[in-house]
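This report refers to the structure that appears directly beneath it.
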């Protein structure tokens, strides 16, 4: 039986590419989450006016990869202390966020934040949003598996 995990960590292309490399990840889908407009388009989300974050919905086999492993990847691929910005991407749509699908995921995220705050990010607040997963809107097809379709490697947009 598979489970879902949803992460926002800046440009969704590099986030998706990172999770595609993890054994036990069955599929990934980029899209928009956490906003107020139904069925937003990429252009609408880019304005920053819809409230959505660019995110990746990860479907995984919990027998093959744990949620904690996915969380570790999430923490490694972005800076959770930077508000509404990752690298050159600036705006609320590029915020750091975890949208949990079960109370156990919420607990694991909160525990991870406390541990990171006490170690790697001591003295620098983690600004990652932790919220229940609302409706996820898949991005347009040309955004799906963007790097893979273009034969690109790397994790930068």
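In the numbering used here, the protein residues as written are 99 to 255.
Glycine is no exception: its CB is placed at the ideal position from the N, C-alpha and C atoms.
Considering only residues of the same chain and omitting the five flanking positions on each side of residue i, which have a CB-CB separation below 6 Å?
i: residue 261; result: Here the chain covers residues 99 to 255 and nothing more, so residue 261 does not appear.
Throw me the rounded Cβ distance for the residue i and residue j pair, which I believe falls under 8 Å.
i: residue 96; j: residue 167; result: Examination of residue 96 is not possible in this model, given that the chain is present from 99 through 255 alone.
Could you check what DSSP says for residue i in three-state terms: helix, strand or coil?
i: residue 230; result: strand
i: residue 136; result: coil
i: residue 187; result: strand
i: residue 204; result: helix
i: residue 130; result: strand
i: residue 235; result: strand
i: residue 220; result: coil
i: residue 142; result: helix
Can you tell which of the options has its C-alpha closest to the C-alpha of residue i?
i: residue 142; options: 191, 223 and 202; result: 191
i: residue 235; options: 107, 126, 131 and 161; result: 131
Please work out which residues of its chain come closer than 8 Å, Cβ to Cβ, to residue i, disregarding the five sequence neighbours upstream and downstream, and give them in chain order.
i: residue 238; result: 139 and 140
i: residue 233; result: 131 and 136
i: residue 188; result: 182
Does the beta-carbon of residue i, which I'm using as the reference point, lie nearer than 6 Å to any heavy atom of the ligand HEM?
i: residue 192; result: Absence of the ligand HEM from the depicted structure is noted, as is the absence of any ligand whatsoever, leaving it without description.
Using DSSP's beta-bridge definition, name the partner residues of residue i.
i: residue 198; result: 230
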